Every structure is written in C-alpha cells, then in structure tokens.
Amino acid sequence: MRILMIIPYVPSPIRVRSYQLLRHLAQRGHQITLICAEDGPDDEANLGTLRPLCTKIQVITIPRQARIAAYLRALVSDLPLQAAHCLVPAFIEAIKAEFRSGQHDVVHIEHLRAAEIARVAAAQVPTRPPMILDAVDSISLLFERAARSSPSLRARAMALLDLARTKHYEATCGQHVEHIIITSPEDAWALQTLRGMQLQGAPITVVPNGVDLTYFQPSEAERAPATIIFSGKMSYHANEAAARFLLDSIMPLVWTQRPDAQVILAGANPGPALRAYARNPQVTVTGFVPDLRTYLARATVAVAPMRYGVGVQNKVLEAMATATPVVTTRQTTVALTARPDHELLVADHAEHFAQAILKLLAEPPYAQTLGNAGRTYVEQAHNWAASAMLLETCYASV
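Per numbering that gives the first Met the number 0, residue 0 is the first one in the sequence shown, and the count goes up by one each step.
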C-alpha cells in the first residue's frame, strides 16, 4: 500500500511507536511518505535512519513563536492545547498537497497532536484518502489521573486546564476519520465511554506496543549487586511522580535493610527536583543516555512505580526483554497480559514495593527465573512485527 504518515515529531528509537511501525511496514513492502515536525538536535541522525525506509520525507519547521501563537489561539477556543501543537499553515499546506496528489491509499495520523492538522487539511480539499488515527493513549484519561495524583502543582494545573476540552475532542474525533487505533484495551474503553462518543464508521482497534527483541536482549555480563533502575523521559510528569515516589517512600524502606542498594534514574531531561536527589551518593541521575541497554544489563532490578499513567509502559517491556526482573504498580499491568508473580512483581504501596525489591535482591535465582519469564512473555505478546500485521488489517478495512 501507499501510506501517508503524519507524525507530530521525527520518529526515532525514543519516539518508539511510530518508528517501529514505520520500520516494519517498510520491511513488508509498503511505500511510505512521511510528513513530520522538526523535533530536536537528534533529528538529522534519526532522519538518516528513516530515509532508506521512506519514498519521501518532508520535515516541517515550526518556529517557537508560531507554536506559542497556536497555543494562545487554542486557549480562547474549545481546542485542546495538545491539538494545537502542530497547527501551523506550513504543516496544513504540506498535507493538502499530498491529499491532492492522489498518490496515497491510506493516511496514518499519530496522536492528538497531529489529529487537528489532518482534519483541517481534509476539510479544505475536495477528496482525500481514508484516514486512520493512532490515538496512542487516551489523553483525557491521562489528564484525569494527573489532576488527581500528580505531586506537581504545575502538572495538576495543566491537566485541569485542558481536561474538558480534551474529553470533548476525543469524544468527537471519530467523526473525522475512518478508523482509530490505540495501545491498550483500557484506553480503548476510555474513548468508548466518553460522553457523546460517536464512533459510527470509526471502530477502535487495539494495536499494542511491541519491543525490539533484537536490540533489547539479555546480557551475559554479570549484574551489579543491589542496583535498581528506573528509566524513562524524566521531564514527563508521570515519570517524575514515579521517581519521587521511589526515592521518597520506597527506597528509605529498602535502605533500612540494604544500605548498599544503589538507584539509577536513567532518562533525559530530569528537572531540578530530580537532579537534587543525586546529592545522595546512593542515587545516580544520568540525564540522557545513548544506550539504555548498558544500564539495564547492570541492574539487579528494574522498577516502574507509576502512580498514574495510560497505555503501555515501554520501559517495562524493554526491561523484560533484557531479562531484568521487574517490579511495577498495578496501574502499569492493566495494559499487559503478564501474570503477577510469574513474569513480574506487582505492588502498589510503598511497603509492599520495598518488600518485592528486597526479595529480588536477596534471592538471585528467583530474580533470574522471573527475568527469564519476562523475556519469554514479551517474545510472545509484544512483537512489533505482529503489531504491524494487525495495523495492515486496519488499513485494509478502510
């Protein structure tokens, strides 16, 4: 098929869903035209990886002033700020030109951030190809949970500011596309149950995230003793909340019994609050890491103490793929079919979470068995090739 992909950033191993789906679709012989927004200093390297996979790539530069203006216009309208993220004329005109070309069989739109530019462009041309929206997650569900549970006043305020508008937008987005895909059954349920949801002609299909099983593999290197890793983009408010829960509530309980335990926060853009934890010699805050596998290979335990969130937590899949035993909260497992106590450990309260960590530190054979079971689970349930095949079925349905 000839696929037009509209992505609000440059797909990359960090922007893993769009990157892996694009890569596997190209490997399966599809012709892909990519329109994406300039994203950061690593764009050129990432575009170098994408060029052999795509027939055409167009990168839209969105000046900071233009994005601020789009946000300000959204503030005085009923449009969510997320939907205004790429709402600039250059992006809309690029999409319209591709629609008019008649060279595409289907349009793949990723995220709420690209949904509005595609809708506006479609309204301004006489005909367009069928459109599929990859919502990825239910953003309104994320905002509800952030407003209720984030320790950050700023995150709670931003979530409340955009919650009602995001609910309305998600409730009506099915009117403008032929199909919606999303990462987890919980997020699909959230979209289905929004008030006024009208999804006639726009069914929802769960296309789960996978993990690159070739890139993330178990290491033969010996793991460091009593080393706990939490990974992810640290500027993301849900990750910051989880890191603070780990270091404020869980680790003090672990340190009472294992004062030798070390914590690694591995991920880009930690804010001042997280960087301050590095004053403790038992805590390392890495910032951006070029290769997460190095840190996962060293770790005794990987943790994801998420207080709130939506969708599939890639950090959990990546740790399991490296056979690193995982402890996480129940919220994280909603999007997975992994069995607690078989492929990972689940604990919600600080005391239970600390006990799970201590058990894995004290019993290396058990930790290894759990880690190996986690690897087997992701091999069977989170394969990007299988997700790409499911996506092809969605394309064919429109």
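Don't be surprised by glycine CBs; every beta carbon is placed ideally from N, CA and C.
Values in this document were obtained by computation on a predicted structure and should not be read as measured data.
C-beta atoms of A145 and A134 nearer than 7 Å: no
Cut-off 6 Å between Cβ atoms - residues of its own chain near A395, not counting five sequence neighbours on either side: none
Nearest residue (CA-CA) to D347, options H341, W383, T204, M305: M305
Nearest-angstrom Cβ-Cβ length linking L20 and A387, presumed shorter than 8 Å: 6 Å
Inter-residue spacing [alpha-carbon to alpha-carbon] between C35 and A82: 15 Å
Span of the beta strand (DSSP E) around T285: 282-286
Nearest candidate by alpha-carbon position, reference V326, set I356, V309, L152: I356
Cross-strand partners of L344 (DSSP beta bridge): V326
Cα-Cα separation, V75 to S100: 35 Å
Where the beta strand (DSSP E) through S234 begins and ends: Segment: none, S234 is in no beta strand (DSSP E) and carries neither H nor E.
Per DSSP, cross-strand counterpart(s) of A301: I228, V325
Simplified DSSP assignment, three categories, for Q420: Nothing about residue 420 can be reported from this structure: the residues present for the chain run from 0 to 397 only.
Distance between P51 and L198 (C-alpha atoms, nearest Å): For L198, the predicted model reports a pLDDT of 46, less than 50, meaning its position is unreliable; a value from the coordinates is still stated below. One C-alpha to the other measures close to 36 Å.
C-beta atoms of P7 and R112 nearer than 7 Å: yes
Selection from H341, Q174, P12, P324 that minimises the alpha carbon distance to L360: P324
Nonlocal neighbours in the same chain, by C-beta distance under 7 Å from R329, ignoring five residues either side: V345, D347
Neighbour-count burial assignment, A275, 16 or more Cβ in a 10 Å radius: exposed
Backbone secondary structure at I263 - three-state DSSP: strand
Pair within 7 Å by beta-carbon distance, L3 and E97: yes
Boundaries of the alpha helix (DSSP H) in which R127 is found, first to last residue: Unbroken run through R127: none, as it is neither H nor E.
M4: first and last residue of the uninterrupted beta strand (DSSP E) it sits in: 1-6
Own chain residues within Cβ distance below 6 Å of D42, not counting five before or after: V9
Rounded Cβ spacing between L114 and P217 (contact assumed at less than 8 Å): Residue identity check: residue 114 is Ala in the sequence provided, not Leu. That belief does not hold up - the Cβ atoms of A114 and P217 are roughly 39 Å apart, past 8 Å.
Collapsed DSSP secondary structure at A201 in the structure displayed: coil
Boundaries of the alpha helix (DSSP H) in which E378 is found, first to last residue: 363-380
C-beta neighbour in chain D for N313, strict 7 Å: Among the protein chains of the structure shown there is no chain D, as only one such chain exists.
Own chain residues within Cβ distance below 8 Å of E143, not counting five before or after: A158, L162
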